[in-house]
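Student: Going down the list, the protein sequences come from chains G and F. If you read the first sequence in the working numbering, its first letter stands for residue 16, the second for the next number, and so on. If you read the second sequence in the working numbering, its first letter stands for residue 150, the second for the next number, and so on. Even for Gly, the Cβ is constructed at its ideal location relative to N, Cα and C. Before anything else, here's the structure in question.
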Amino acid sequence: YKTFDGDLKWDHNDVTYRILNYSPDMDSSVIDDAFARAFKVWSDVTPLTFTRLFDGTADIMISFGKANHGDPYPFDGRDGLLAHAYPPGNGIQGDAHFDDDEYWTLGKGPVVKTLFGNANGALCHFPFTFEGESYTTCTTKGRSDNLPWCATTADYNRDKKYGFCPSELLKTFGGNANGDKCVFPFVFLEKEYNSCTTEGRSDGYRWCATTDSFDKDKKYGFCPSRDTTVIGGNSEGEPCHFPFVFLGKEYDSCTSEGRGDGKLWCSTTGNYDNDNKWGFCPDQGYSLFLVAAHEFGHALGLDHSSIREALMYPMYSFVEDFSLHEDDIEGIHYLYGSKTGPVPSPTPPIDPTTDSYPDPDETDATNEPEPTETTTTAQPVDPKKDACKMTKFDTITTINGALYFFKDGNYWKMPGKNDAEPKGPFAISEKWPALPAVIDSAFEDLLTKKLYFFSGTRFWVYTGQSVLGPRSIEKLNLPSSIQKVEGALQRGRGKVLLFSGENFWRLDVKAQNIDRGYPKRTDVVFGGVPSDAHDVFQYKGHFYFCRDHFYWRMNSRRQVDRVGYVKYDLLKC
Amino acid sequence: WSLPLKSIFVTFPGDVVKNMTDTELAEGYLEKFGYMDTIHRSGFESMTSTSKALKKMQRQMGLEETGELDKPTLEAMKQPRCGVPDVAN
Chain G
16 YKTFDGDLKW
26 DHNDVTYRIL
36 NYSPDMDSSV
46 IDDAFARAFK
56 VWSDVTPLTF
66 TRLFDGTADI
76 MISFGKANHG
86 DPYPFDGRDG
96 LLAHAYPPGN
106 GIQGDAHFDD
116 DEYWTLGKGP
126 VVKTLFGNAN
136 GALCHFPFTF
146 EGESYTTCTT
156 KGRSDNLPWC
166 ATTADYNRDK
176 KYGFCPSELL
186 KTFGGNANGD
196 KCVFPFVFLE
206 KEYNSCTTEG
216 RSDGYRWCAT
226 TDSFDKDKKY
236 GFCPSRDTTV
246 IGGNSEGEPC
256 HFPFVFLGKE
266 YDSCTSEGRG
276 DGKLWCSTTG
286 NYDNDNKWGF
296 CPDQGYSLFL
306 VAAHEFGHAL
316 GLDHSSIREA
326 LMYPMYSFVE
336 DFSLHEDDIE
346 GIHYLYGSKT
356 GPVPSPTPPI
366 DPTTDSYPDP
376 DETDATNEPE
386 PTETTTTAQP
396 VDPKKDACKM
406 TKFDTITTIN
416 GALYFFKDGN
426 YWKMPGKNDA
436 EPKGPFAISE
446 KWPALPAVID
456 SAFEDLLTKK
466 LYFFSGTRFW
476 VYTGQSVLGP
486 RSIEKLNLPS
496 SIQKVEGALQ
506 RGRGKVLLFS
516 GENFWRLDVK
526 AQNIDRGYPK
536 RTDVVFGGVP
546 SDAHDVFQYK
556 GHFYFCRDHF
566 YWRMNSRRQV
576 DRVGYVKYDL
586 LKC
Chain F
150 WSLPLKSIFV
160 TFPGDVVKNM
170 TDTELAEGYL
180 EKFGYMDTIH
190 RSGFESMTST
200 SKALKKMQRQ
210 MGLEETGELD
220 KPTLEAMKQP
230 RCGVPDVAN
């Protein structure tokens with residue numbers, strides 16, 4: 016860790032902060048919560064307390080801005096610089112600025128808090144099904160008033176829980192109209208506007224009048240981002256138009272064609288070639304919580320660390336289960352000392368073989384333990400077996416956030432760090448003695464942390480060190496014609512897609528049964544990936560379909576956004 | 150599947166085009182995040198200073214210290230990051 020020259024620090028432990036404005040990307044309550052959690056990262060390990068002020072000058076003034084935003088360090092549009100903060104002191108010192116040309120989320124795609132409806136403002140659940148169709152964004156389907164809505168559970172038809180998605184048709188934020196909705200058309204400088212505009216502003220924020228004449232009433236608010244609208248480009252706030260024509264070819268989804276940087280974009284009219292209207296498609300976004308926790312580190316007196324895993328490392332990387340690195344803790348302790356009383360230690364890593372969660376299935380008769388059959392004996396591993404020299408793995412899966420590569424009785428583990436090398440080989444028989452040497456597929460049930468392993472027509476379930484199985488996959492109601500399960504994708508809590516041949520089935524993990532309406536054809540639902548993929552798994556929010564030593568990576572909108580080498584990209588060989 | 154796609158790159162109106170060579174990008178990065186400035190002050194010649202600054206940046210980022218603008222270094226410079234300089238000015 017490093018501190019700023021002169022060990023700049025606050026001379027008091029009761030630090031105050033104030034949020035000056037909000038990003039249109041998330042509801043203000045979600046942003047408030049992200050900042051509060053980011054402060055808690057530091058207050059958990061120091062004697063510091065953080066109190067939010069709603070007016071006046073706070074030690075840490077937090078704001079969103081774009082490009083030139085009032086200090087000598089302008090932001091640079093999308094990506095690149097995400098935020099900056101000043102070390103402790105008076106005036107601008109201690110303040111934190113976030114680049115609002117970024118797409119702010121919690122790191123895993125749009126965070127849409129609903130309004131009205133019957134879900135008490137719950138977040139949208141993506142994907143959700145409505146009348147048999149799956150939706151990954153808010154939709155206006157089923158409504159005649161054009162208001163975007165979403166289900167707040169996985170299945171609208173079953174649960175009937177819904178809410179409306181933020182849009183200028185329902186509310187604004189900031190401004191002086193108390194969040195009133197936009198009124199269209201409205202008049203501004205004698206010109207009529209039928210949608211939100213950036214006219215009249217130098218900061219690039221989209222706004223509207225909340226009466227029919229801004230000239231007369233001077234009432235206005237800022238327009239919230241819709242999850243279906245583009246970011247940046249020359250059509251910010253407009254929805255993608257599908258299909259659209261680009262260089263004479265028709266596109267039904269966002270594409271990276273035409274760009275050298277691989278970023279996904281779409282046209283906001285039916286023909287880009289004619290209209291040249293475009294914008295970037297919403298992606299996973301940057302975690303406001305993680306970036307804020309880093310910036311607040313600066314605001315407390317920490318400079319950049321050279322330890323890649325530390326929060327204070329200058330580069331952004333998304334981690335799902337964040338815990339403060341020892342280096343960050345040492346740094347902040349150097350400045351402020353440790354928390355008096357018992358110090359909460361950083362969250363310990365969860366051993367994937369230790370089931371620390373209560374098992375809801377414990378009394379389920381269908382899950383009675385069956386006699387354990389040990390099909391392998393512990394074999395010494397050959398340390399010369401190099402994961403980088405394998406052309407094809409039996410299966411690849413994610414366990415507790417780390418990638419596991421299985422091959423012929425051995426496995427390798429890729430720690431979740433960017434530059435880490437594969438660890439292994441380890442003997443499968445050492446860790447999971449009941450398993451055979453060849454594993455066709457595996458997945459971790461996100462709800463119970465149980466590990467499911469498939470080999471041929473049999474499967475095993477590991478809970479810590481105890482094992483159920485082998486059982487026939489027919490017990491899951493998979494057809495007897497299936498020779499092996501070749502891949503698994505978690506779809507929300509309790510549902511897993513199992514792939515075999517050119518089809519896939521959806522397993523209800525709790526009911527231990529295949530859902531109705533399956534199998535479905537892989538190429539119909541997952542267009543653009545090889546229909547004969549032999550490994551299918553989920554990693555960091557993407558779906559991976561592997562054939563030989565290549566992978567096809569698909570984002571949550573089911574767009575193939577990368578094709579690459581397992582060896583170089585996943586194993587970092 | 151392995152056939153390479155023929156890509157045509159276009160200029161998108163309103164895009165924040167960072168039309169710069171790798172060298173320009175690297176020099177901008179080294180200066181913006183404080184690596185170059187420190188070296189300038191210590192009075193080295195330009196070629197040496199870029200190489201030294203690169204080495205310093207590579208050390209900070211945990212990259213191999215080649216002192217050259219190699220692919221991993223260039224990739225690191227393109228990663229999203231915090232705007233606070235790595236070397237205090």
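#1: Rounded to the nearest angstrom, what separates residue 234 of chain G and residue 277 of chain G at their Cα positions?
#2: Out of G:477, G:576, G:505 and G:548, which one is the CA nearest neighbour of residue 416 of chain G?
#3: Using a Cβ cut-off of 7 Å, which residues of the stretch 328-349 of chain G contact any Cβ in chain F, in chain order?
#4: Hey, how far is the Cα of residue 314 of chain G from the Cα of residue 31 of chain G?
#5: Between residue 310 of chain G and chain F, is any beta-carbon pair separated by less than 8 Å?
#6: Taking C-alpha atoms, which residue in G:269, G:99 and G:439 lies nearest to residue 570 of chain G?
#7: From which residue to which residue does the beta strand (DSSP E) around residue 265 of chain G run?
#8: Do you know how far the Cα of residue 62 of chain G is from the Cα of residue 352 of chain G?
#9: Identify the contact partners of residue 209 of chain F in chain A, using a Cβ-Cβ distance below 7 Å as the criterion.
#10: Tell me, please, whether the stretch 333-343 of chain G touches the stretch 315-323 of chain G by the rule of three or more beta-carbon pairs shorter than 8 Å.
#11: For residue 273 of chain G, go through chain F and note every residue whose CB falls closer than 7 Å to its CB, in chain order.
#12: Chain G beta carbons: is any one of them nearer than 8 Å to that of residue 177 of chain F?
#13: Just the C-alpha distance for residue 57 of chain G and residue 309 of chain G, rounded to the nearest angstrom, thanks.
#14: If you draw a straight line from the alpha carbon of residue 458 of chain G to that of residue 143 of chain G, how long is it in whole angstroms?
#15: Please classify residue 466 of chain G: does DSSP put it in a helix, a strand, or coil?
#16: According to DSSP, simplified to helix, strand and coil, what is residue 394 of chain G?
#17: With a cut-off of 8 Å on the beta carbons, I'd call residue 267 of chain G and residue 236 of chain G a contact; round off their distance for me.
#18: Can you check whether the C-beta of residue 171 of chain F is within less than 8 Å of a C-beta belonging to chain G?
#19: Along the chain, which unbroken stretches of the alpha helix (DSSP H) at least 4 residues long are found entirely within the stretch 539-565 of chain G?
#20: In angstroms with no decimal places, state the Cα-to-Cα distance between residue 71 of chain G and residue 428 of chain G.
#21: Can you check which of these residues, G:581, G:221, G:172 and G:522, is closest to residue 559 of chain G by C-alpha distance?
#22: Taking the alpha carbon of residue 199 of chain G as the point to measure from, which residue in G:238, G:173, G:167 and G:174 has its own alpha carbon closest?
#23: Rounded to whole angstroms, what is the Cα-Cα separation between residue 215 of chain G and residue 79 of chain G?
#24: Could you pull the start and end residues of the beta strand (DSSP E) that residue 476 of chain G belongs to?
#25: Give a single yes or no on whether residue 489 of chain G has its beta carbon closer than 7 Å to a heavy atom of the ligand GTP.
#26: Taking the straight line between their C-alpha atoms, what separation do you get for residue 424 of chain G and residue 481 of chain G?
#27: Can you check the stretch 226-273 of chain G for any alpha helix (DSSP H) of at least 4 residues that lies completely inside it and give the ranges in chain order?
#28: Between which two residues does the alpha helix (DSSP H) harbouring residue 289 of chain G extend?
#29: Hey, does residue 94 of chain G have any beta-carbon neighbour from chain F nearer than 8 Å?
#30: Helix, strand or coil for residue 31 of chain G? Go by DSSP, reduced to three states.
#31: Could you check where the beta strand (DSSP E) with residue 577 of chain G kicks off and where it finishes?
#32: Using a Cβ-Cβ cut-off of 8 Å, state whether residue 289 of chain G counts as contacting chain F.
#33: Go to residue 221 of chain F, then tell me how far its alpha helix (DSSP H) extends in each direction, as first and last residue.
#34: Could you check what DSSP says for residue 439 of chain G in three-state terms: helix, strand or coil?
#35: Look at the Cβ atom of residue 98 of chain G, then the Cβ atom of residue 116 of chain G, and state whether they are nearer than 8 Å.
#36: Any idea what DSSP makes of residue 173 of chain G, helix, strand or coil?
Tutor: Taking the definition as stated:
#1: 41 Å
#2: Here the closest residue by C-alpha is G:505.
#3: 329, 330 and 331
#4: Taking C-alpha positions only, residue 314 of chain G is separated from residue 31 of chain G by approximately 11 Å.
#5: Chain F, which has a Cβ nearer than 8 Å to the Cβ of residue 310 of chain G, makes this yes.
#6: G:269
#7: 264-266
#8: Put simply, the backbone Cα of residue 352 of chain G is about 7 Å away from that of residue 62 of chain G.
#9: Chain labels in this structure do not include chain A; the protein chains are G and F.
#10: yes
#11: Counting only Cβ-Cβ distances below 7 Å, residue 273 of chain G has contacts in chain F at 157, 158 and 159, in chain order.
#12: no
#13: Put simply, the backbone Cα of residue 57 of chain G is about 10 Å away from that of residue 309 of chain G.
#14: 22 Å
#15: Strand at residue 466 of chain G.
#16: Here the model assigns residue 394 of chain G a pLDDT of 45, short of 50, so the residue's position is not dependable, and the following value carries that caveat. In the structure shown, residue 394 of chain G sits in coil (DSSP, three-state: anything other than H, G, I, E or B).
#17: Incorrect: roughly 34 Å between the Cβ atoms, too far for contact.
#18: At a cut-off of 8 Å between beta carbons, residue 171 of chain F makes no contact with chain G.
#19: Runs of the alpha helix (DSSP H) inside the stretch 539-565 of chain G: none found.
#20: One C-alpha to the other measures close to 51 Å.
#21: G:581
#22: G:238
#23: 19 Å
#24: 473-478
#25: Summarising the ligand content, the structure contains no ligands, and the ligand GTP is consequently not present.
#26: 19 Å
#27: 229-232
#28: Where residue 289 of chain G is concerned, the enclosing alpha helix (DSSP H) stretches over 287-290.
#29: yes
#30: strand
#31: 575-580
#32: no
#33: 220-226
#34: The answer is strand: DSSP assigns residue 439 of chain G an E or B state.
#35: no
#36: helix
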